[in-house]
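J.: I'd like to ask some things about the structure below.
Protein chains: 2
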Amino acid sequence: MLKTLPVRPLTQAAFKPFGQVIEADASRMKLINGGNTERFHALAEAEVVGDGARVILNIFRGQPRPFPYDVAMMERHPLCSQSFSPLSGRPYLVVVSEDEDGKPGEPQVFLARADQGVNYRRNVWHHPLMTIGEPSDFLVVDRDGPGNNLEEFFFSQPYSISEPSL
Amino acid sequence: MLKTLPVRPLTQAAFKPFGQVIEADASRMKLINGGNTERFHALAEAEVVGDGARVILNIFRGQPRPFPYDVAMMERHPLCSQSFSPLSGRPYLVVVSEDEDGKPGEPQVFLARADQGVNYRRNVWHHPLMTIGEPSDFLVVDRDGPGNNLEEFFFSQPYSISEPSL
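Below is the structure:
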């Protein structure tokens, strides 16, 4: 019997150990463009390391996951942060773990609204993109360059996520 | 009588002198995440220069522009590229100029679809965010750090843009 993980709303406070929530936070707002535009400034930072590395923008198109979903693995990127901003106007799940001696601890599951992106800090364990219900596009800011930027971990006993109620 | 600028569809070919179109280009696709996700790779690059600079992610919320719209000024950023990816599922206008001896030439106007972002190369003249019809949010990737990163130019004779037909 797999352990079923609780699904919590995504908030800046809850996500702080893992990175930043990219949302229109009124406390970060300044007016620009002669008052036409609200700039929510520096909600996240793209960090890349290593010689010959560059910050790149990509689109990820994820197929919806089946539920209940078995979380059998997690991954992390030693050389860069990685951000996901939803372009399709749909909520999605964010699954992250604190590091425990080089392995991911028990995953934490957050339900992100359609107007919330996330930025995983460098080396933060996360599950690959988990979309709900329909194929969904995301703008992804991460890294291109030489070096091994992917580490994967497979759980001996997977965890389960029930279908989230939207 | 102001000169009315034509509005053209945004395409990678037409936009090439100014930067990149950030769209799900099938030629840049590779499957990742065990086949779950299509990654449209490195559609654009964030370029920042200068000591102490970092690549940041922001949200811009633009109020709709009135039409006919008078293009009275253009701006450029000497220290960074700047990308705009629509988060609100709405088309918008992109207004850019080639540089002519340190000043913007006659502006070129592109109608971007809701699924097309743009990345202005460093030092490319552009008009501030031009949304249509309703307030719209964009993910913006640009720069934070010291130094003067804004240059503005005001036309002695503005240009006009008619309300685009969507």
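Protein chains in written order, with the numbering used here: chain R, 1 to 166; chain V, 167 to 332. Glycine residues also receive a C-beta, built at the ideal position from the N, C-alpha and C atoms.
Please list, in chain order, the chain B residues whose beta carbon lies closer than 8 Å to that of V/P294.
T.: Any reference to chain B falls outside this structure, whose protein chains are R and V.
J.: In angstroms, rounded to a whole number, what distance separates the CA positions of V/R309 and R/S156?
T.: Answer to the nearest angstrom: the Cα atoms are 43 Å apart.
J.: In chain order, what residues of the same chain have a beta carbon less than 8 Å from the beta carbon of V/F320, not counting five sequence neighbours either side?
T.: Once the five neighbours on either side are set aside, the close Cβ partners of V/F320 are A238 and M239.
J.: Applying a beta-carbon distance threshold of less than 9 Å, which residues of chain R neighbour V/A212?
T.: Those within 9 Å of V/A212 in chain R are A46, R54, V55, I56, L57 and V141.
J.: Can you list the residues of chain R that V/D310 reaches, using a CB-CB cut of under 9 Å?
T.: Per Cβ cutoff of 9 Å: H41, A42 and E45.
J.: Distance cutoff 8 Å, beta carbons only. Does V/Q282 sit that close to anything in chain R?
T.: Taking Cβ atoms only, chain R never reaches closer than 8 Å to V/Q282, which makes this a no.
J.: In its own chain, which residues sit with a C-beta less than 7 Å from the C-beta of V/S328, not counting the 5 before and 5 after it?
T.: Taken in chain order, the residues that qualify are T170, F233 and P234.
J.: Where R/P78 and V/F276 are concerned, what is the direct C-alpha to C-alpha distance, given to the nearest angstrom?
T.: Their backbone Cα atoms lie some 39 Å apart in a straight line.
J.: What runs of the beta strand (DSSP E), each 3 residues or longer, lie entirely inside the stretch 128 to 153 of chain R?
T.: Qualifying beta strand (DSSP E) stretches, in chain order: 136 to 144.
J.: Under 8 Å between beta-carbons, which chain R residues line up against V/D303? List them in chain order, please.
T.: Within chain R, the residues near V/D303 are A24 and D115.
J.: Less than 8 Å between the beta carbons of V/E318 and V/E241, yes or no?
T.: For V/E318 and V/E241, yes; Cβs fall inside 8 Å.
J.: Output, in sequence order along the chain, the residues in the stretch 60 to 72 of chain R whose CB is closer than 8 Å to any CB in chain V.
T.: From the stretch 60 to 72 of chain R, only F60, R61, G62, Q63 and R65 have a Cβ closer than 8 Å to chain V.
J.: Specify the secondary structure class of V/Q282 as computed by DSSP and reduced to three states.
T.: Coil, per DSSP.
J.: Mind listing, in chain order, the continuous alpha helix (DSSP H) runs of no fewer than 4 residues lying wholly within the stretch 207 to 235 of chain V?
T.: For the stretch 207 to 235 of chain V, not a single whole alpha helix (DSSP H) run of length 4 or above is found.
J.: Decide if the stretch 196 to 206 of chain V is in contact with the stretch 124 to 138 of chain R; the criterion is three or more beta carbon pairs, one per stretch, under 8 Å apart.
T.: Enough Cβ pairs lie closer than 8 Å, so yes.
J.: How about V/F206 and V/S251: are their beta carbons less than 8 Å apart?
T.: Their beta carbons are not under 8 Å apart, which means V/F206 does not touch V/S251 by this criterion.
J.: Taking V/V262 and V/Q274 to be in contact with their CB atoms under 8 Å, please state how far apart those CB atoms are, rounded to whole angstroms.
T.: Indeed, because the Cβ distance is near 6 Å, the residues count as touching under 8 Å.
J.: Nearest-angstrom Cα distance between V/R194 and R/R122?
T.: Taking the straight line joining both Cα atoms gives about 25 Å.
J.: Do V/E189 and V/Q282 have their CB atoms nearer than 8 Å?
T.: Yes, the pair counts as a contact, with Cβ atoms nearer than the cut-off.
J.: Apart from the five residues just before and just after V/I198, which ones in its own chain have a Cβ nearer than 7 Å to its Cβ?
T.: For V/I198, where only same-chain residues beyond five positions count, the Cβ hits under 7 Å are R205.
J.: Mind checking the stretch 77 to 100 of chain R against chain V and listing, in chain order, the residues whose C-beta falls within less than 9 Å of any C-beta there?
T.: Result list: S83, S85, P86, L87, S88 and G89.
J.: From R/P6 to R/R90, what does the alpha carbon distance come to, in whole angstroms?
T.: Cα-Cα distance, rounded: 20 Å.
J.: Quick check on R/N149 - is its C-beta less than 8 Å from some C-beta in chain V?
T.: No - not a single Cβ of chain V is within 8 Å of the one on R/N149.
J.: Could you compute how far the alpha carbon of R/S136 sits from the alpha carbon of V/V187?
T.: Answer to the nearest angstrom: the Cα atoms are 19 Å apart.
J.: Between which two residues does the beta strand (DSSP E) holding V/F250 run?
T.: Its beta strand (DSSP E) spans residues Q248 to P252.
J.: Quick one: give me the first and last residue of the alpha helix (DSSP H) that V/A179 is part of.
T.: From DSSP, the alpha helix (DSSP H) with V/A179 extends over Q178 to F181.
J.: Using CA atoms only, rank isn't needed, just tell me which of V/V284, V/Y258, V/V290 and V/L253 is closest to V/E266.
T.: Checking every option, the nearest Cα to that of V/E266 belongs to V/V290.
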